[in-house]
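Asker: In our numbering, the protein residues as written are 497 to 1153.
Each residue gets a CB set at the ideal place from its N, CA and C atoms; glycine is no exception.
Starting off with a structure, shown below.
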Amino acid sequence: MLELYVLVDFSSQEPDLMRAVIRAMRDEFFKSEARSLTNSLRFAIHAGHFVLRSHNAQALPHERVTAAVACAVSRQPEAFVALAGEAAALAFDGEHLEIHRPTGRVPRPLGGDDMPTVGFWSAPLGPGCDPAHWHVLALACGAAWMDSSAAGARKALSGSSTGEMQERLAEALAGPEGPARTLVAEATHAEDRRRGRSAQRPSARSNGHVGRRRRGPSRPAGSGTPPPTGVPSDVPRPRPGSVPPGRRRPRAIPNAAPGRSLWARGRHTFAPLPPALRLVLLPLGLALSLIVASLVMNRPFGEPVHVALARQAEVLVEQAQASRDVYQAHRLAADARSLAEQANTQASGAYTTLLDRTDRLLREVDRVYSVLPVPVVRSGADQVVDLAVSSEGVFTLGAQDGAVRQFDAFNDQTLDSGRVVLKPGDAVSGGRVDTAVALVGRPGGEGPLVVDRSRSVWSRRVGTWSSVPIAGGAAWTRVDAVTATQSALLVFDGGARTVSSHPLNGGAPVGLIRGLESALEVVASDVDTYARLADGRVLRFDRESRPRPFDPQPPDSAGVRVSAMARDSAGTLYLADPSRRRIVQVTADGRFIRQIVSSQDVTYEMRALQVSPQGDRLYGLDRLGVVAWPLPAEVPAAVAASPADGTPSGGAIQPPK
């Protein structure tokens, strides 16, 4: 019969998470009958680690959970132990005590960024009447080891019942955090196992968690430890402080592998078998030996690590594909890619196909659309300061001469090839133009607006320029950011710290935002106004100057550091994020829609964005000119909520075209 003991020391108490870790470790251990017991223990610890790491990926730093673990599997007359973190295994025979502790530096490695280091130990384990085996196996986590710990443990393990041993051992190994977490497994005789004994629970702190499962016939629950039966009465039972006759101290095998202590068993003397029985058993033994040798020669002993990693990656891929939550699907796909990369590295490139599959899945889950940006206007460094797009083409404002130039919207051109349509000193309908300080695009394909140094506003319509009556323009102390809607011009006055709306028909201005310290860009809709700050954040205000929530979160939950933004006719926002070389499309309230990246290995530091009148291209102003980004026609549904809301996010996960 095979029994599994699991003792986990969690850093914090989360009952659902604790049960999930124990369940994953138990299921992974009993998943395959073909693996060796040491590999089964290793993979069980890895399974618990992956559950905690998946939880920590979406948790805040103070909410992350780590753990130390001690696992033991008993298949008498042998016990195998696996330890990770601050854990220990103790073996006791009534007189001698053996303590094994790993040398890892991380107290609770499960749930961290790196794979936990697992130490192994094995020892013979037998009932109390057997002088060649240890009789009690104990696991401990969170113990404080001092000079007196060994004596206290020896005294604690001399108790009469398993429950008493656990409680006394927890107190003997208590540390600053309180009693240690302990689990005691006492070897039983074969008939005792048939009669059944109750499984003990871990002692001391409640965040020590235990799972126990056995292979073999089910056992009824009982209490206490029944005495071994079927043992002659003249065979002395070991008592604390005495060594049974014939007892032989287990000896260490020389040149044992580091990190694992192996022990030889004592010798046993059996009565000779009858000759007739020997004649029957000899052929059976030879046949069994041939079968075992054939199996050992034709299949590997245990499962290689890279095979287990690849198998776990496949499971995560299936879970990510089945998930309807894009944020959860991203975490699963990212973990699958990490496991596939580890398996591919260990197997020297044998899992390239799996790695490519996880890469594609991660892009599909993250809604990444790759496009090829094309240059429209090539200029020198910082020669263009503003950009506007209309049905007539692309307009730029020169940094040196303050001239407005017009370009074709589709061809690759240089700055010198543009046609100057407005420059300082030009006489147009309504007056003479001063040096331009801002060029503003208008939605719907209408001609751009120009604000000059004298606070006059000029509009282009059907190839001609004319003056626009703006009320309150003379009161502007500074023009730090300008944008336009269908019917109004919005100006952020850094001196007055206000964003005001000035109707293009000469109506009275309306204050939209008051007390705004700084802003590099403003974008407005009929309901909300957005202000981009120097640190990359975007603030959202309603018409009453009240702040409203706006926190765009792509599936990777990395946040968006915005360098430019634009609004399309549908009301969605495009946010340029040069730090991650992408443009993120979100709804008016910040819910994620998709992200657009360049298929070239080029970083575009966008300073301005404009959507084409047809809505099929996005024009960006880079320090080297104007670049056009084709917009894919497929627009997936926005997610229902961001991960900060704590509610599942919806929206179908659609692969990009």
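May I have the straight-line CA-CA distance separating Glu-942 from Gln-1096, to the nearest angstrom?
Answerer: Cα to Cα, Glu-942 sits roughly 32 Å from Gln-1096.
Asker: For a test of the three-state rule: what should DSSP assign to Ser-844, helix, strand or coil?
Answerer: If DSSP states are grouped into helix, strand and coil, Ser-844 belongs with coil.
Asker: Use the C-beta contact count for Gln-1106: other C-beta atoms within 10 angstroms, 16 or more gives buried, fewer gives exposed.
Answerer: Looking at its Cβ environment, which holds 16 or more other Cβ atoms inside 10 Å, Gln-1106 is buried.
Asker: Would the region 820-830 count as touching the region 769-786 if we require 3 or more Cβ pairs under 8 Å?
Answerer: Verdict: no, contact absent.
Asker: Taking only runs of the beta strand (DSSP E) that begin and end inside the region 624-688, which ones reach a length of at least 3 residues, in chain order?
Answerer: Listed in chain order, they are 632-637 and 677-682.
Asker: State the Cα-Cα distance for the pair His-542 and His-551, rounded to the nearest angstrom.
Answerer: If I take the Cα positions, the gap works out to 14 Å.
Asker: For Asn-840, count neighbouring Cβ atoms within 10 angstroms of its own Cβ and tell me buried if that reaches 16, exposed if not.
Answerer: Classification for Asn-840: buried.
Asker: Determine, using beta carbons only, whether Arg-1010 and Thr-1025 come nearer to each other than 7 Å.
Answerer: Not in contact: Arg-1010 and Thr-1025 (Cβ atoms no closer than 7 Å).
Asker: Answer with buried or exposed for Pro-1005, where buried requires no fewer than 16 other C-beta atoms within 10 angstroms of its C-beta.
Answerer: Buried is the call here.
Asker: Closest to Ala-1133 by CA distance: which of Phe-1088, Val-867, Val-811 and Gly-1111 is it?
Answerer: Checked all of Phe-1088, Val-867, Val-811 and Gly-1111; the closest Cα to Ala-1133 is Phe-1088.
Asker: Please look up how many angstroms separate the CB atoms of Leu-835 and Ala-809, rounded, as I've assumed it's under 8 Å.
Answerer: That pair is a contact at about 4 Å.
Asker: Just the C-alpha distance for Asp-1064 and Leu-1127, rounded to the nearest angstrom, thanks.
Answerer: Approximately 12 Å, taken between the alpha carbons.
Asker: On the three-pair Cβ rule with 8 Å, is the region 1068-1075 touching the region 895-903?
Answerer: No, the region 1068-1075 does not touch the region 895-903.
Asker: What are the boundary residues of the beta strand (DSSP E) that includes His-998?
Answerer: Unbroken beta strand (DSSP E) run through His-998: 994-999.
Asker: State the beta-bridge partners of Gly-1060 as determined by DSSP.
Answerer: The residue asked about is misnamed: residue 1060 is Ala in this sequence, not Gly. Answer is Ala-1072.
Asker: Does DSSP put Val-987 in a helix, a strand or coil?
Answerer: If DSSP states are grouped into helix, strand and coil, Val-987 belongs with the strands.
Asker: If contacts are defined as beta-carbon pairs under 8 Å, then Gly-607 and Ala-563 qualify, I think. What distance do you get, rounded to the angstrom?
Answerer: That belief holds up - the Cβ atoms of Gly-607 and Ala-563 are roughly 6 Å apart, short of 8 Å.
Asker: Between the Cα of Phe-988 and those of Thr-849, Glu-591, Arg-538 and Ala-1020, spot the shortest distance and give me the residue it belongs to.
Answerer: Per the Cα distances, Ala-1020.
Asker: Locate the alpha helix (DSSP H) running through Asp-523, then write down its first and last residues.
Answerer: Run containing Asp-523: 511-525, per the alpha helix (DSSP H) assignment.
Asker: Between Ser-952 and Ser-962, which are expected to be in contact by the criterion C-beta below 8 Å, what is the C-beta distance as a whole number of angstroms?
Answerer: Wrong, their Cβ atoms sit about 11 Å apart, outside the cutoff.
Asker: For Gly-1007, which three-state DSSP category applies?
Answerer: Residue state, collapsed to three classes: strand.
Asker: Mark His-631 as exposed unless 16 or more other C-beta atoms lie within 10 angstroms of its C-beta, in which case mark it buried.
Answerer: Label assigned to His-631: buried.
Asker: Below 7 Å between beta carbons: does that hold for Pro-944 and Ser-886?
Answerer: Yes, these two residues count as a Cβ contact at 7 Å.
Asker: For Val-801, does the three-state DSSP call read helix, strand or coil?
Answerer: DSSP places Val-801 in helix when its eight states are reduced to three.
Asker: Does the distance from the CB of Val-801 to the CB of Ala-832 come in under 7 Å?
Answerer: No, the Cβ-Cβ distance between Val-801 and Ala-832 is not below 7 Å.
Asker: Could you give the first and the last residue of the continuous alpha helix (DSSP H) run that contains Leu-548?
Answerer: Residues 533-553.
Asker: Would you please state the rounded distance, in angstroms, between the beta carbons of Pro-1048 and Val-1082? I believe it to be under 8 Å.
Answerer: Confirmed, about 5 Å.
Asker: Helix, strand or coil: how does DSSP classify Leu-911 here?
Answerer: Three-state DSSP puts Leu-911 in a helix.
Asker: Using beta-carbon positions only, say whether Asp-1118 and Tyr-1100 come within less than 7 Å of one another.
Answerer: Yes.
Asker: How is Thr-849 classed by DSSP in three states: helix, strand or coil?
Answerer: In this structure, Thr-849 counts as helix in the three-state DSSP scheme.
Asker: Any contact between the region 638-647 and the region 664-671? By contact I mean 3 or more CB pairs, one from each, below 8 Å.
Answerer: The region 638-647 vs the region 664-671: in contact.
Asker: Mind checking whether Ala-634 and Val-561 have CB atoms under 7 Å apart?
Answerer: Contact flag unset, no.
Asker: Is the Cβ-Cβ distance between Leu-548 and Ala-566 less than 7 Å?
Answerer: For Leu-548 and Ala-566, no; Cβs fall outside 7 Å.
Asker: Straight-line CA distance for Val-1056 to Val-1034?
Answerer: Straight-line Cα distance between these residues: approximately 9 Å.
Asker: Consult DSSP for Arg-1077 and reduce its assignment to one of helix, strand or coil.
Answerer: DSSP places Arg-1077 in coil when its eight states are reduced to three.
Asker: Taking the alpha-carbon of Asp-610 as reference, which of Gly-845, Asp-505 and Phe-546 has the nearest alpha-carbon?
Answerer: Ranking the options by Cα distance to Asp-610, first place goes to Phe-546.
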